[in-house]
Amino acid sequence: MHSAHQTGATERRLPDPALVRRILVTAYGHIADVLPSGPALRALRETYPQARITVLAVGYVQEMLAACPYVDEVLVFQDFKHKGSRWGKVEQLLRLAQLTPRLYGRYDLALVLHARSRFLSRLVWLSGARVRAGLPDVASPRMLTHPARPLDGLASFREENRRVLEAIGITTMPEGLELWPTLHDEEAIKALLAEHQVADDDLLIGLHPGSHWTCQQWSPKEWARVADELVTRYHARLVITGTADERELAEAISSQMTAQDVRPIDATGRTGILQFAALVKRLNVLLCVNSAASQVGLAVGTPTLNLVGYENPVWTAPLKTEAMAIIRGCDDSNAVEYWCPYHVWGRLSQCHRAECVGIGGLSLITPAMVLRQVERQLKSGGGAQKQPVLH
């Protein structure tokens, strides 16, 4: 489904498709940041079907972008290690020196999607592209030839990307997120579930407890209490998902469960992003902390319960038509202005201090709150692959 969004007082003229043969798109960040680029990439492909579209991104999202049917090439650069410090400025200069020779003179159009980054604005300027669009609030006037309309406050990544497209005259953009698992990915998930004797009609619920930030995690004890109820109340089969370094977290949850009849399937480290998407698509419900998993749930249409703390969820919030419920213990995202005792939240890409579990507001969420939302989802059958029978 497409939605039209007209520009303000000034109508932007679309660069002539006959003159736009090569497009550079920067899509910076991890999966949750980059997945919302999909609708913009699709709109670009529909507008410029003959152009070669190259996406510049960090290696973490390479597999996902390589599968995108709207992209011809993925260029990967190493993410920054020293954000928010003097070394970070040196690191950015080094990256500019590394990347500019690879990009200069090769593109007619360059877009900076969603990221408010002076580094990326400088990079597209140095690329020499005739048309350069992005969010203007961190760019000097000469860096962008087509600055996007300013936003009044915070907005979703999808809305930010919509405005970047709008700045070059593209006034329609698909609304939904997408992922592109292959038949091979789906067969791998079928084999994984068959290995654990999961039947096609089993109620399958996913638990995704891990995050790049331990302050944004829920305690294993609370996860175990919810897992016990899901098994005893609904006879659900459970699968715990995550990366290989979250296996210890999955084991902590399983070991604290009292229901011993059916142990959760530990799928941590067993799926890449596309196989993870295939697995989430099979679930009846996904329970997750506010991470990439929530966006994968949106992309494949699985009812998702997203546990969110003090962090404002606006950037990755669902549309009204999407099957996600946000669960929060505190509705006011400004209740705690800055909860990080180490002053690294928002300055780094991740932080795994064990003592910080829950301090970002998830400790205010109770198992009863989560189970109420599970009950609502299962009774409504909200988009699940099958209508479960409640016992």
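According to this note's numbering, the sequence shown is numbered sequentially starting from 316. Idealized CB from N, CA, C, for every residue including glycine.
{"Check": "Can you list, in chain order, the residues of its chain with a C-beta nearer than 7 Å to that of Leu-480? Leave out the 5 residues immediately preceding and following it.", "Outcome": "Ala-355, Ala-358, Met-488"}
{"Check": "Since I believe Ala-342 is in contact with Leu-424 (beta carbons under 8 Å), could you give me their beta-carbon distance rounded to a whole number of angstroms?", "Outcome": "15 Å between Cβ atoms; not a contact."}
{"Check": "Counting Cβ pairs, one atom from each stretch, are 3 or more of them under 8 Å apart for the region 631-645 and the region 656-670?", "Outcome": "no"}
{"Check": "For the structure I just gave you, are there three or more beta carbon pairs, one from the region 439-450 and one from the region 461-472, closer than 8 Å?", "Outcome": "yes"}
{"Check": "Can the beta-carbon of Met-639 be found less than 7 Å from the beta-carbon of Thr-619?", "Outcome": "yes"}
{"Check": "Taking Gln-688 as the reference, give the member of Gly-584, Leu-545, Thr-636, Thr-529 with the closest Cα.", "Outcome": "Leu-545"}
{"Check": "Does the region 504-516 come within contact of the region 375-388, defined as at least 3 CB pairs closer than 8 Å?", "Outcome": "no"}
{"Check": "Using 8 Å as the cut-off, can you tell me whether the region 546-563 makes contact with the region 346-354, which would need three or more C-beta pairs spanning the two stretches below that distance?", "Outcome": "no"}
{"Check": "Taking the alpha-carbon of Ser-664 as reference, which of Gln-407, Arg-473, Arg-367, Ser-526 has the nearest alpha-carbon?", "Outcome": "Ser-526"}
{"Check": "With Pro-489 as the anchor, note down where its beta strand (DSSP E) starts and where it stops.", "Outcome": "487-489"}
{"Check": "Spatial neighbours of Ala-567 within its chain, please: CB distance less than 6 Å, with the 5 preceding and 5 following residues excluded, ordered by chain position.", "Outcome": "Pro-535"}
{"Check": "Grouping DSSP H, G and I as helix and E and B as strand, with all else coil, what is Pro-351?", "Outcome": "coil"}
{"Check": "Within 10 angstroms of its Cβ, does Arg-533 collect 16 or more other Cβ (buried), or is it exposed?", "Outcome": "Correcting the residue identity first, residue 533 is Trp in this sequence and not Arg. Burial call: buried."}
{"Check": "Using the Cβ count rule (16 or more neighbours within 10 Å means buried), how would you classify Arg-457?", "Outcome": "exposed"}
{"Check": "Take His-499 as the anchor and find which of Thr-586, Glu-361, Gly-624 has the nearest alpha-carbon.", "Outcome": "Thr-586"}
{"Check": "Given a threshold of 16 other Cβ atoms within 10 Å of its Cβ, counted over all protein chains shown, does Pro-416 qualify as buried or as exposed?", "Outcome": "exposed"}
{"Check": "Is there at least one Cβ from chain B nearer than 7 Å to Gln-365's Cβ?", "Outcome": "The structure shown has no chain B; it contains just one protein chain."}
{"Check": "Note the first and the last residue of the continuous alpha helix (DSSP H) segment covering Ala-542.", "Outcome": "535-549"}
{"Check": "Mapping the DSSP letters down to three states, classify Ser-678 as helix, strand or coil.", "Outcome": "helix"}
{"Check": "Tell me which residues share the same chain as Arg-327 and place their Cβ nearer than 8 Å to its Cβ, disregarding the 5 neighbours each side in the sequence.", "Outcome": "His-461, Glu-481, Ala-482, Ile-483, Gly-484"}
{"Check": "For Gly-521, which residues from the same chain have a beta carbon less than 6 Å from its beta carbon, with the 5 sequence-adjacent residues on both sides left out?", "Outcome": "Val-554, Thr-556, Leu-598, Leu-601"}
{"Check": "Leu-613 and Ile-642 - do their beta-carbons sit closer together than 7 Å?", "Outcome": "no"}
{"Check": "What is the residue span of the alpha helix (DSSP H) that Thr-369 lies within?", "Outcome": "That residue, Thr-369, is in no alpha helix (DSSP H); its beta strand (DSSP E) goes 367-373."}
{"Check": "If Pro-496 sits next to Leu-589, beta carbons under 8 Å apart, how far is it from one beta carbon to the other, in whole angstroms?", "Outcome": "4 Å"}
{"Check": "Leaving out five residues on either side along the sequence, give the residues of the same chain with a beta carbon under 6 Å from the beta carbon of Cys-671.", "Outcome": "Thr-529, Cys-530"}
{"Check": "Here's the rule I'm using: 16 or more other beta-carbon atoms within 10 Å means buried, otherwise exposed. How should Arg-311 be labelled?", "Outcome": "Absent from the structure is residue 311, since the part of the chain shown begins at 316 and ends at 706."}
{"Check": "Whose C-alpha, out of Gly-491, Tyr-363, Gly-661, is nearest the C-alpha of Thr-636?", "Outcome": "Gly-491"}
{"Check": "What is the rounded straight-line gap between the Cα of His-667 and the Cα of Arg-691?", "Outcome": "33 Å"}
{"Check": "Measure the alpha-carbon distance for Ala-470 versus Ser-678 and round it to whole angstroms.", "Outcome": "26 Å"}
{"Check": "Classify Thr-341 as helix, strand or coil using the three-state DSSP reduction.", "Outcome": "strand"}
{"Check": "So which of Arg-337, Ala-382, Pro-682 has the shortest CA-CA distance to Glu-720?", "Outcome": "A query on residue 720 cannot be resolved here, the shown segment of the chain reaching from 316 to 706 and no further."}
{"Check": "Could you tell me if Asn-476 is buried or exposed, where buried requires 16 or more neighbouring beta carbons within 10 angstroms of its beta carbon?", "Outcome": "buried"}
{"Check": "Indicate the three-state DSSP secondary structure (helix, strand or coil) for Leu-359 in the structure shown.", "Outcome": "helix"}
{"Check": "With DSSP run on the structure shown, which of helix, strand or coil describes Leu-309?", "Outcome": "Because residue 309 is not part of the residues shown, which for the chain are 316 to 706, the question remains open."}
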